[in-house]
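Counted the way the numbering used here counts, the sequence shown spans residues 3 to 334.
Have a look at the structure below, then the notes.
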Amino acid sequence: MKQIKLVLIGGGTGLSVLARGLKKFPIDITCIVTVADDGGSTGKIRHEMDIPAPGDVRNVLAALSDVEPTLEQLFQYRFEEDKISGHSLGNLLIAAMTNITDDFGHAVKELSRILNIKGRVIPSTISSVSLNAEMEDGEIVAGESNIPSKHKKIKRVFLEPANAEPMDEAVEALLEADLIVLGPGSLYTSVISNLCVEGIANAIVESKAKKLYVSNIMTQPGETDGYSVLDHIDAIHQQLGHKVIDFVIANEITFSKEILNKYKEKGACPVYYDKNELHKSGIKLVTGENLAQISENHHVRHCNEVLADMIYDIALEEIGTIQFNLKRMKRS
Numbered sequence: 003m004k005q006i007k008l009v010l011i012g013g014g015t016g017l018s019v020l021a022r023g024l025k026k027f028p029i030d031i032t033c034i035v036t037v038a039d040d041g042g043s044t045g046k047i048r049h050e051m052d053i054p055a056p057g058d059v060r061n062v063l064a065a066l067s068d069v070e071p072t073l074e075q076l077f078q079y080r081f082e083e084d085k086i087s088g089h090s091l092g093n094l095l096i097a098a099m100t101n102i103t104d105d106f107g108h109a110v111k112e113l114s115r116i117l118n119i120k121g122r123v124i125p126s127t128i129s130s131v132s133l134n135a136e137m138e139d140g141e142i143v144a145g146e147s148n149i150p151s152k153h154k155k156i157k158r159v160f161l162e163p164a165n166a167e168p169m170d171e172a173v174e175a176l177l178e179a180d181l182i183v184l185g186p187g188s189l190y191t192s193v194i195s196n197l198c199v200e201g202i203a204n205a206i207v208e209s210k211a212k213k214l215y216v217s218n219i220m221t222q223p224g225e226t227d228g229y230s231v232l233d234h235i236d237a238i239h240q241q242l243g244h245k246v247i248d249f250v251i252a253n254e255i256t257f258s259k260e261i262l263n264k265y266k267e268k269g270a271c272p273v274y275y276d277k278n279e280l281h282k283s284g285i286k287l288v289t290g291e292n293l294a295q296i297s298e299n300h301h302v303r304h305c306n307e308v309l310a311d312m313i314y315d316i317a318l319e320e321i322g323t324i325q326f327n328l329k330r331m332k333r334s
């Protein structure tokens, strides 16, 4: 039987959580990861060494490794000694391997081999880039970490330098994919930042694969204030210059007043969808009762296993190997 080729695009914690859930399935996974982060340990290393941001790559390598959970603990371990205070061992290993190989992309390949990961992890570009934003009032904000702090509506995001090129492997994976998955994660700084690499955007548009967007459950203050599911998709389409999304996975659970008030205090609210709007846009809605889970401290997150099952079922349906599992999800 043909092995399903799945390409995941994103960054932050969303991509690593999704990759961890999907690696249990018999599929070919490629993760295309943003390298525009400029905060924390990642920011220090990228500025001192002039290399792409290693943090999101580190998270996905750890998630796909066959030596979890020890490897993940090791990769996420942060030193307290003065000279390397705050740095995770994973970031330092990626930086060291970049020095050894003199190539960030090759460094990620070598670590992938050493860690025996299931799948491939590919930076969206091996250039050291900065993610900038143009706000609707015309202000230009430089640096990924500074964008949400302005609390203004984002008109567009772009990379500097603008001519950053993708790795050939990323373009090939997109063109050969059966299903391309964007999200979950910060819309502009984790998902669309990858699409700012022109070669990545072109390959997504040209690919014959079906495209799926995993919508965030809650809005992100300073980035997607008041956005609906369709607003998220429209922002992706604006960046690509084409309407490509075929499916969207969105949450249908209603939350208690306690949870809504907790998020309201932070300036966030649920990301709502309108079935009729999505239908008119030609986008198939996939949802389920158990998609969101609530932690003890009332944080709302995607249920890793349910989300992975949904995506796997969509991929199976699209390559026509088995019928859709109607018991596990509801489509409208």
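Even glycine gets a Cβ: it sits at the ideal position worked out from N, Cα and C.
Because the structure is a prediction, the values reported are computed rather than measured.
With 16 other Cβ atoms within 10 Å as the buried cut-off, status of Gln-222: It counts as buried.
If you draw a straight line from the alpha carbon of Ile-324 to that of Tyr-314, how long is it in whole angstroms? Below a pLDDT of 50, predicted positions are generally treated as unreliable, and Ile-324, at 39, falls in that range; the measurement from the model is reported next regardless. Going by the C-alpha atoms only, they are around 11 Å apart.
Apply the 10 Å Cβ neighbour rule to Ile-102 and answer buried if 16 or more other Cβ atoms are within range, or exposed otherwise. Classified as exposed, Ile-102 has fewer than 16 neighbouring CB atoms from the shown chains inside 10 Å of its CB.
Which of the three DSSP states is assigned to His-281 in this structure? Looking at His-281 - three-state DSSP - the assignment turns out to be helix.
Nearest by alpha-carbon distance to Asn-134: which of Val-9, Thr-15, Lys-157, Lys-4 is it? Per the Cα distances, Lys-157.
Fully enclosed by the stretch 194–265, which alpha helix (DSSP H) runs are 4 residues long or longer? Runs of the alpha helix (DSSP H) lying entirely within the stretch 194–265, each at least 4 residues long, are 200–208, 231–242 in chain order.
Going by beta-carbon coordinates alone, are Ile-124 and Ile-34 separated by less than 9 Å? Yes.
Which residues share a DSSP beta bridge with Gln-5? Gln-5 is not bridged to any residue.
Quick one: using the 10 Å Cβ neighbour count with 16 as the cut-off for buried, is Gly-243 buried or exposed? Exposed, since its Cβ has fewer than 16 Cβ neighbours within 10 Å.
As a quick exercise: from Leu-20, Val-9, Lys-259, pick the residue whose alpha carbon is nearest that of Val-308. When the alpha-carbon of Val-308 is set against those of Leu-20, Val-9, Lys-259, the nearest one is in Leu-20.
When the Cα atoms are used, what is the spatial distance from Asn-263 to Glu-254? Per the coordinates, the alpha-carbon of Asn-263 lies some 18 Å from the alpha-carbon of Glu-254.
Contact between the stretch 291–302 and the stretch 146–165 is defined here as three or more beta-carbon pairs at a separation below 8 Å; is this criterion met? No, the stretch 291–302 does not touch the stretch 146–165.
Which residues bound the beta strand (DSSP E) around Ser-132? Start and end: 132–137.
Express the C-alpha separation of Leu-8 and Asp-180 in angstroms, rounding to a whole number. Rounded to the nearest angstrom, the gap between the Cα atoms of Asp-180 and Leu-8 is 6 Å.
Rounded to a whole number of angstroms, what is the C-alpha to C-alpha distance between Asp-39 and Ser-132? About 8 Å.
Flag this pair as yes or no: are the beta carbons of Asn-306 and Arg-22 separated by less than 9 Å? Yes.
Tell me which residue opens and which closes the alpha helix (DSSP H) that His-108 is part of. Counting along the chain, the unbroken alpha helix (DSSP H) around His-108 starts and ends at 106–116.
Return the residue from the list Leu-10, Gln-5, Ile-194 that minimises the CA-CA distance to Ile-182. Of all alpha-carbon atoms in Leu-10, Gln-5, Ile-194, the one lying nearest the alpha-carbon of Ile-182 is that of Leu-10.
When you compare the CB of Lys-25 with every CB in chain B, is at least one pair closer than 9 Å? Included in the structure is just one protein chain, with no chain B present.
How many Å lie between Asn-327 and Leu-280 at the Cα? Confidence at Asn-327 is low in this model, with a pLDDT of 42, below 50, so the placement of that residue is unreliable and no value is reported for it.
Can you confirm whether the stretch 232–243 touches the stretch 194–206 when touching is taken to mean that 3 or more C-beta pairs between the two stretches lie within less than 8 Å? Note that the stretch 194–206 touches the stretch 232–243; at least 3 beta-carbon pairs, one per stretch, sit closer than 8 Å.
In whole angstroms, what is the alpha-carbon distance linking Val-273 and Asp-104? The straight-line gap from Cα to Cα measures roughly 43 Å.
Does Asp-30 come out as helix, strand or coil in the three-state DSSP assignment? If DSSP states are grouped into helix, strand and coil, Asp-30 belongs with the strands.
From Cys-271 to Met-220, what does the alpha carbon distance come to, in whole angstroms? So the two alpha carbons sit approximately 5 Å from each other.
Closest by C-alpha distance to Thr-15, when choosing among Ser-297, Lys-277, Glu-167, His-304: Ranking the options by Cα distance to Thr-15, first place goes to His-304.
In the structure shown, what three-state DSSP assignment does Gly-16 receive? Residue state for Gly-16 is assigned as helix, using DSSP reduced to three classes.
Report yes if the CB atom of Leu-63 is closer than 9 Å to the CB atom of Ile-119, and no otherwise. Contact flag set, yes.
Helix, strand or coil, according to DSSP, for Ser-90 in the structure here? If DSSP states are grouped into helix, strand and coil, Ser-90 belongs with the strands.
Per DSSP, which residues does Leu-181 bridge with? Please list them. According to DSSP, Leu-181 bridges with Leu-8, Lys-212.
Alpha carbon to alpha carbon, how far is Thr-297 from Ile-261? Looking at the sequence itself, residue 297 is Ser, so the reference to Thr does not match. Taking the straight line joining both Cα atoms gives about 11 Å.
Secondary structure of Ile-149, DSSP reduced to three states: For Ile-149, the three-state secondary structure derived from DSSP is coil.
Is it true that the CB of Pro-186 sits closer than 9 Å to the CB of Asn-148? No, the pair does not count as a contact, with Cβ atoms beyond the cut-off.
I need the straight-line Cα distance from Gly-92 to Ile-128, nearest angstrom please. Put simply, the backbone Cα of Gly-92 is about 18 Å away from that of Ile-128.
Name the two residues that bound the continuous beta strand (DSSP E) containing Val-123. Residue range 122–125 is occupied by the beta strand (DSSP E) that includes Val-123.
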